[in-house]
Amino acid sequence: MKNANITIKAFLLAGLLGVLPACNGFLDVNDDPTRLNDVTLDLLLPTTLEALSKTHYYLAYTASQVTHQMDAFGGYYGEFSNASAWSTIYLKGMNNLRAMIDKASAAGDDYSPHYAGVGKVIEAMYVGLLTTTWEDVPYSEALMGSANVQPAYDTQEALYGQIQNLLDEALQLLDEPESAYSPASDDLAYGGDLDKWKKLAHSLKARYLLHLSNKGADWNAILNHVAQGLSSNADNFQLVYSASNPNPWFTNVAKANETGNFSITHAAYFIDLLKGEIYPVADPRLPMIAALTSGATEYIGEASWDPNAPESTVILTKDTWYSTQTAPVLMMTFAELKFIEAEAAYHAGDMARAESAYFEGIAAHMDQLGVDANSQANYMSHPAIATVDLERIMMQKYIALFLHQEAWTDMRRYQFDPNVFRGFVEPDYNGRNLPGQRARYPVTEETRNPQNVALHRKDFTTPMWFSE
Amino acid sequence: MKGLNRKVKGAWCFLVFLLVPLWAWTQMRPVSGVVRSAEDGQPLVGVNVVVKGAQTGTVTDLDGRFTIEVPQGAVLVFSYVGFAEQEVEVGDQDFVEVTLQPGEQLSEVVVTALGISRERKALGYGVTQIDEEAVKNSGETNLVTALQGRTPGVFLSRTSGTVGGGASILIRGINSLDPGRSNAPLFVIDGIEVSDDTDVLPITSDKVSLGLAASSSTQATASNRIIDLDMGEVESITVLRGATATALYGIRAANGVIVITTKKGKAGKPRVEIDYNTGWENPLKLPKVQQQFIDGHRNDSKKRSWIFYNWGPEWRPESEDVLHDTYREFFRTGTSQAVSARLTAGNDVFSYRLSGSLSTAEGIVPNTWYDKRNFSLAASYRMSPRFRVEGSLMYANTGGNRPHEGRKSVMNVIAYTPNIVDLTQYETPYKYSENFSLGIIDHALYLAEHNTYVDDVNRLLGSIKAEYKLNEALSLHYTIGMDGYDDVRQRNVSPETDEGNNMRGFVVRNFVRKRSLTSNLFARYQMQRGRVGLSLLLGQYLYHSRKQWTSIRGENLSVTNFFNLNNTAELFQSNADVWYRNMAVYGEASFDYDRYLYLTLTARNDFSSSLPVANRSYLFPSVNLSWVLSDMTELPSLIDYAKLRASWAVVGKDASPYRIGRYYGLASNFPFNDVLGYALSTSIGDENLRPEFSKTLEVGGELRLWKNRLGFDLSWFRTTLSDMILSVPISNATGASVYLTNAGTMENQGLELSVDFTPVKTSNFSWSNIINWSTNKGRVLEIAEDIGDEIVLMSLRGVTNKYIVGGKIGDLYGNPWNRTDDGQLIIESDGYPRVNWDTLVYMGNAFPDWIASWINDFKYKGFSLSFMWEWKKGGKAIDISRTYSIGNGILEETNDRYMKVVFKGVRLDDNGNYVPNDIETELHPTFFYRNWRVYRYAPEVYLQDASWIRLRNVSLTWRIPKAVVDKLPISDLRISLIGANLFLNTPFKGFDPELNYFGANSNIYGYTGLRTPSTRSYTVRVNMVF
């Protein structure tokens, strides 16, 4: 009996002790095998570029309705908040961008000023999109994670200063001769061509200086940056989509139209402008930008605010230039820069430079869309186009900035003046007769950061600081 | 880490020390027997058999038989409702025959935590045990739904009326404020933790946004995995509701535990049971399709146009249009068949059980089906009088075609289909772009036949259980087992449907694999010194689980309707791999004084892999007291049994895996062409996260009167949950949208009552009733300041389900119509009211005020009739399908179209004063019914009282008289008729409000509709025993 006891005890003890080594590290399984704790710079740049392009799409979706390039089938636009753009910027664009810049800027063997420089150009662009959409936004206290869950807001004036600082820093960084890592195929926009990034930085400096035209712009400074900016359509800052990653206009508007999920289409004002109702000349770009619905022969834009308007006949399809599956989302084009130059030169009194920049701008956009040389020449020689003045410059820029946030900024700078944007009328619709000047802060921000929002919330139709 | 290992080692030493001095030796041996009634000599089923003084026991089976381990000189105590308790000295008998006299004593045995059988009277908490008869008579194939109405404190919601559809179960309400956390209880089968997961996987293309994300609302047809279990193998189910009852399961069981005991081999001659059943089902409740107007708009029928709604001219009998009741015609009669064979045999040394069952069912939606095949083997072997091993293997192969629900499903397209469309056939060859809506709305039958989602689950559950009795007092128990399943699913989406049209069709292959392992070792020591009894238990618990899934989607089919990844031009993937581990040491000390006062203390120290290393070890204690007054002192003769009980427990809940800190994961929309991009997670996990704590106080009592004919069991509890782990939404400007931290407090309070009543009991006829009633209110006490004061779970169609500090769990808020301060409806100049989309007001609660069930059992000679009524009182819900079907003019509710009305309310006069409204207006399709500013999504129209009373199930069984059976080569024959959902009474318009729009294991309540409708079913069952 005693032996049996000893055997049992030994068996039991061995069993219990046998379990113990297995307990070593037993619980250390809380690292997700499908994710990483740290990544390399080339895995962050594509993410932030894709988010930047998507942000341009989101913002243009609403901006184009304010500028009457587009109109919604379901009714004229009401107050919008652009929540998708807000979350894309902060949750996908800028947070990963900041991680990339911090990593690239860290002193040591991996110091990569080229990535930091490219990063700052992109950051300047994000700040520009943020402030032209919501005016005051979190910036200097933003992106701190759980360390500051209710970040304070920076004023628009401060943000415009930040944009120029970021671009100055970027230009210095991009000029550094040594960089442990440099962008290459992960640079979805420029393929690692740093010269193009420098041109873009100068172009952006020109764009954001021009935004402050009502605050006393330095036209010569703008023209200096234009001279160092994008020099052809080959320098256009854009993201090109593909069959496996289709263009968002294609996915969300063109394809949705085919399945009856109608969203927005070309507005009457824009169609009228292109078909020669405002200036007596038909624009050869019209059939490339808008398709006719089946059976229709005449281009009629949507005027959802007018109950007596004829039914619209235009639509974005998978074949119209801006919404094909593989179309690029244009973020900054050579054409835009030329119109910046034309406007600055016009105000600076250099009419010769304004004129040549104006025609170069029209040609650049037409080239991009594939308008043949004959049609281009016919159009540009038409008296209604060939006489260059501020109205013509801004109107051509407005066409070249189809589906772009900047068209809204331009209209706000000129207070939607019908003498600049000829024929533009803000309808009295659903209790509002003033155009949208800003997006409301998203509901998520209103509920999660209420004290700070309360300090900066303004009416939808109150002009922003920059445009005053 | 080092500190942690020391702690574990320390616990082990403690265990070993305790065991060593208790070493001794006494012989244990098995005794079997049979128990009969003195009234008619029939075997008694479910008689409690306990070894006197040992608190262990068993119950008799359907033939009145039992087997139990006894020490030398043991005395067995037999007790049964309505019969006198009887003690029998075993002596050296191997087989004991007992005849019970009608009488009054009761000492019921129930299965408790860790599968330990204990006398009910020793327990200081409420517990319900459900026997196999109740499971069988439910007519259900899912164990979760079979629990319906059988126990107070349990709230069930079904997610779909489809065959094999999911269900989820809440025990004592929602226990987490985190919208993403599961509130599902732990399921334990024979000591092994088993999965009841509902796997919701990516099934859609991200090429086009159709509101069809991988969410529980679109995949409600997915089964909860407990459905894999063969219900015929269930012997009993114990629902452990409170934290005290589940204390020994610690952190694993914060939402309650469902302990399932399966059938085992029994000593005796071989017994073969064959069961066959066949059934039919039909939709229970369908909306009424209007038969007055045809498609189109006002005076134009717009056949084959983009105007696909039903706002056209009045139908004329002479017209060629045939009107259809689209909902009624679309569904077919569902059918089911099942057959099973079960064998048990054995002797005192070795016994086993073998079983196999096959079932097949076709649902009410064309082309839906669900099959289930189960095989199992259980064996037990007594190697020596002291040592016994049991092993079991359960295999299941289940699956069916379970297309998605919700947006773009058949239920959604019918809500768009005008009544002139015949849903029983479609034109061939079918072209989506040329159908009745010119390719905007799918034809429901084509959709059902072509877009399929078929799953194939293979599951294996294996366990080994060993018991070593060192002596009469001390025993060692070890259980180890695994639960593993592989689920391979394929979804086909035809290019000729709305969803597949954009990318020329697609195929999704989903692979899920889960493995989990439970290891549980404990020692139990029992002794009796005079009037004081002591029972000690010490153990160690290990749990490991890993779930992996891979989803591969191929788009753009080259050969039409050849659904294979080889036929797709573009491939996309996503995958996950989730590990979780838990380790614990636990102990229990139980004292009794003279078998009327019982005190039990428990402690469990949990170690969880999903918490930060520094915070992953936590101790959770509990105490419970049971005081059986009727055994302590003489009470008035009316009272047979009276007991008071009280308990207090602290239990915790850890985080989900991988939530601490921040990671980089593959960014959405990547790979972009051939470039990869990674993105920071938008959720940040607190590096100092602690488990959340819940403290539960429970008091209750049991009273039995009138010779045990009437019994009451009442529990009251209050659970305070603090340090709740919350996904706190934070300003996106932080670079993250969610911060996971300890940030909330809530309280759950409830009352649970069970009454059983046997008004008639004679040798030939008996009638007994059980009434279960319970109510439960969860209240949000605190949400951390920087989160704001509310957490929104869902906002859909103007109805918002959110948690607000001071509010209740399940509160629903809605956008009201504009009203004056004194509550009068404000009518605008067009004669319509307006929804105020900027204001949310409280509109009700999704959870019922109370739920009750009334179970009736009649027995007359060989007949038994059982039925259960259920009453859900209160609770509101919005039927999402109605916002479509009314907006599209499909339902009878729109027959007032074009009527001239004056809304009762006030309007502003020219002086800016409110005067009674006198503006006549027309109920216009576009400006009224389809206008979201006026009526279309107005919550005051669509949010309704979802109370109901229903006859949940009825079963009539005839046991063929022995005289007849004896002439056949069988020993027992029963024929049963079972009906489910035979009657439903509800003020709710639309579908049966019982189905939750958000699927199994979602925490969002108050939404219904767009589900395959629930069904009324009939089953015929034949049961033979050889």
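If you're matching them up, the sequences are chains A and B in order.
With the working numbering, the residue at position 425 of the first sequence is 425, and numbering never jumps.
Adding 468 to a residue's 1-based position in the second sequence gives its number in the working numbering.
For glycine and all other residues, C-beta sits at the position ideal for the given N, C-alpha and C.
Computed from a prediction, not measured in an experiment: that's the story for all the values here.
By the Cβ-count criterion, residue 989/B is buried, with 16 or more other Cβ atoms from all chains shown falling within 10 Å of its own Cβ. Annotated as proximal: residue 824/B and residue 809/B, with beta-carbon spacing under 8 Å.
By the Cβ test, the segment 1301-1312 of chain B is in contact with the segment 1271-1287 of chain B, since at least three Cβ pairs between them sit closer than 8 Å. When 278/A, 284/A, 103/A are compared, the shortest CA-CA separation from residue 378/A is found for 284/A. Interface flag for residue 26/A against chain B is set, since a Cβ pair is found closer than 8 Å.
Following the DSSP letters along the chain, one finds residue 1016/B inside the beta strand (DSSP E) bounded by residues 1000-1025.
Closest in alpha carbon position to residue 36/A, among 818/B, 1145/B, 609/B, 1119/B, is 1145/B.
In its chain, beyond the 5 residues on either side, 586, 591, 595, 706, 708, 713, 727 have a beta carbon closer than 8 Å to the beta carbon of residue 580/B. Not a single C-beta of chain B is nearer than 8 Å to the C-beta of residue 319/A. Per DSSP, the continuous alpha helix (DSSP H) segment holding residue 408/A begins and ends at 405-413. Taking 8 Å as the CB threshold, residue 236/A stays off the interface with chain B. The beta carbon of residue 978/B sits closer than 7 Å to those of 669, 957, 1017, 1019, all from its chain and outside the five residues before and after it, given in chain order. Closer than 8 Å to the CB of residue 360/A there is not a single CB belonging to chain B. Along the segment 1377-1406 of chain B, none of the residues has a CB nearer than 9 Å to a CB of chain A. Residue 563/B has 500/B as its beta-bridge partners, per DSSP. Only those residues of the segment 1049-1062 of chain B whose C-beta falls short of 7 Å from the nearest C-beta of chain A are listed: 1049, 1051.
Counting the other Cβ atoms within 10 Å of the Cβ of residue 249/A gives 16 or more, which makes it buried. Residue 345/A is a Cβ neighbour of residue 223/A, given a cutoff of 8 Å. Take residue 1305/B, set aside five residues on each side of it, and the residues of its chain with a beta-carbon closer than 7 Å to its own are 1283, in chain order.
Exclusion of the five residues before and after residue 1491/B leaves 743, 1442 as the residues of its chain whose Cβ lies within less than 6 Å of its Cβ.
DSSP places residue 1311/B within a strand segment (E or B) once states are collapsed to three. Inclusion of residue 61/A and residue 88/A in the CB contact set at 8 Å is not warranted, their separation being larger than that value. For residue 185/A, a Cβ of chain B is located within less than 8 Å of the residue's own Cβ.
Straight-line spacing of the CA atoms in residue 1228/B and residue 1321/B works out to 20 Å.
Contact annotation: the segment 37-48 of chain A does not touch the segment 1056-1072 of chain B, with fewer than three C-beta pairs closer than 8 Å. The beta carbon of residue 760/B is closer than 7 Å to those of 782, 783, 1363 in its chain, skipping five residues each way along the sequence. If you check the CB distance, residue 1185/B and residue 1166/B come in under 8 Å.
In terms of Cβ geometry, residue 424/A and residue 279/A do not form a close pair [threshold 8 Å]. Under DSSP, residue 795/B forms no beta bridge with any residue. What residue 249/A touches in chain B, judged by beta-carbon distance under 8 Å, is nothing: the nearest beta carbon there is about 13 Å away.
Under the three-state reduction of DSSP output, residue 1393/B falls in the helix class. In this structure, residue 1365/B sits near residue 1357/B, with a CB-CB distance shorter than 8 Å. The alpha-carbon of residue 80/A is positioned some 34 Å away from that of residue 363/A. Going by C-alpha positions, residue 828/B is about 15 Å away from residue 834/B.
A distance below 8 Å separates the beta carbons of residue 626/B and residue 1463/B. Looking only at 190/A, 439/A, 446/A, 312/A, the smallest Cα-Cα distance to residue 129/A is reached by 439/A.
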